[in-house]
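Residue numbering for the sequence shown follows our numbering, starting at 486 and increasing by one per position. For glycine and all other residues, C-beta sits at the position ideal for the given N, C-alpha and C.
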Amino acid sequence: MTIDVLLRGDLPFPRSLPEFQQLFPDESACAAYLERARWSGGFACPHCGASGEPYRITTRPGVLRCRKCRRDTRLTAGTVMEGTHTLLSVWFWAAYLVASQTPGISAVQFQRQLGLSRYETAFQILHKLRVGMVRPDQDRIGGKTGEHVEADETWVGGRTRGEGRGVHHMTLVAAAVEVRQRKPGTKPNPRRSGRYAGRVRLAVVPDRSADSLCGFIESIVAPGTRIITDDWSSYAGLNKRGYDHMPIVERGDPQVAEEFMPIIHLVFSNLKTWLRGIHHGVSPQHLQAYLNEFTFRFNRRHYPFNAFRSLLGIAGDVTAPSYAEFYAGEHAPLYLVDVCDNRISTDQSSSATLC
Ligand SMILES: [Zn+2]
486 MTIDVLLRGD
496 LPFPRSLPEF
506 QQLFPDESAC
516 AAYLERARWS
526 GGFACPHCGA
536 SGEPYRITTR
546 PGVLRCRKCR
556 RDTRLTAGTV
566 MEGTHTLLSV
576 WFWAAYLVAS
586 QTPGISAVQF
596 QRQLGLSRYE
606 TAFQILHKLR
616 VGMVRPDQDR
626 IGGKTGEHVE
636 ADETWVGGRT
646 RGEGRGVHHM
656 TLVAAAVEVR
666 QRKPGTKPNP
676 RRSGRYAGRV
686 RLAVVPDRSA
696 DSLCGFIESI
706 VAPGTRIITD
716 DWSSYAGLNK
726 RGYDHMPIVE
736 RGDPQVAEEF
746 MPIIHLVFSN
756 LKTWLRGIHH
766 GVSPQHLQAY
776 LNEFTFRFNR
786 RHYPFNAFRS
796 LLGIAGDVTA
806 PSYAEFYAGE
816 HAPLYLVDVC
826 DNRISTDQSS
836 SATLC
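Take a look at the structure:
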């Protein structure tokens, strides 16, 4: 993803709550920001192609009317905000809070902070913002000289419900992370000897077979990349599949894992802490959406400005999938359990909750 923050000096990003208030004091300020984000060179009518200053309707700040063909264009068309009755300022607050708070925000916290009367509104806004968390991350990681990728899999969550020994509802998550080396002269973390995480990819996989694990790696890691894994046999085919594979014999010794694959274990530990602390009660069929959110936060932890605009679907270089596309095939997520709100998923088919 290109980092266009440097190219768009006309689109400032608030660094604090007072700055946010100054930049986005009302609906028309949000509308003006949206307009600049979408048409950096000035309005061009999507219907007839004419450019030039459009008519503006004071009572409808979200609409521009072409002077030539007189048709209306909504500023939110093609963004995650399209078709909602929620004020732009509420969307902007949501994107700001989601982008700037490291662990994110729960629907209940968001509802309280914005004084929204309905929980469902808060939930839907946050759930729609997650749509913008996917499309920016479609390129494959790795592929750079001097860097390698650590890959591993882990079980997430799952309580038993009196079904007897050996029965669990844990979900298998595969992950790969770029490992970079700090430049000489910078102060390294002694435990990781100067290594730190680049970008990460996470996916729910059905099992620990070679097809599942190597298939995951092929879909998200560039060919030719050096990949470090443990010595689980399913990874053995990685060389044949075009990677420079280096298996580590762990033999269950956590110190070996810490020494050779410290970054992926850090990612797993962060993921589990985050799922438990912020979103306890994520059901298995929604886990991938939360993995997407975690990936998005992790990969943009240094770029809240890009996160803010990706979330709203106005990043310019990103075409977000529509809400319907993104959640096609998923159960209606209205009552997905979020943090500390004691709601129970209305989807009775999933008895398991994660974490
Ligand atoms: Zn027109």
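Scanning the stretch 540 to 594 from its first residue to its last, the whole alpha helix (DSSP H) runs of 4-plus residues come out as 573 to 585.
A distance of 9 angstroms or more separates the beta carbons of VAL658 and LEU751.
Judged by DSSP secondary structure, THR714 falls within the beta strand (DSSP E) whose first and last residues are 711 to 715. As computed with DSSP, TRP640 is found in a beta bridge with LEU657. Under the DSSP assignment, ARG680 falls in the beta strand (DSSP E) whose first and last residues are 680 to 689.
In the assembly as shown, GLU538 is an exposed residue. Its beta-carbon has fewer than 16 other beta-carbons within 10 Å. Going by DSSP, PRO708 is part of no beta strand (DSSP E) at all; its letter is neither H nor E. By the Cβ-count criterion, LYS629 is exposed, with fewer than 16 other Cβ atoms from all chains shown falling within 10 Å of its own Cβ. In the DSSP secondary-structure assignment, GLU504 is not bridged to any residue. Listed by position in the chain, the residues whose beta carbon lies within less than 5 angstroms of some heavy atom of ligand 1 are CYS530, HIS532, CYS533, ALA535, CYS551, LYS553, CYS554. C-alpha of GLU638 to C-alpha of LEU560: approximately 42 angstroms in a straight line.
Per DSSP, reduced to three states, the secondary structure at ASP696 is helical. Distances from the CA of ASP692 to each of SER754, SER719, ARG556, ARG736 were compared; the closest alpha carbon is that of SER719. Taking 9 angstroms as the cut-off, the Cβ atoms of LEU508 and TYR518 count as close. Between ALA695 and GLY722, the alpha-carbon positions lie close to 7 angstroms from each other. For ILE733, the enclosing beta strand (DSSP E) stretches over residues 729 to 733. The beta carbon of SER513 sits closer than 8 angstroms to those of PRO546, all from its chain and outside the five residues before and after it, given in chain order. PRO510: not part of any alpha helix (DSSP H); DSSP gives it neither H nor E. Of all C-beta pairs linking the stretch 565 to 582 to the stretch 781 to 797, three or more are shorter than 8 angstroms, placing the two stretches in contact. In terms of Cβ geometry, VAL706 and ALA636 form a close pair [threshold 9 angstroms].
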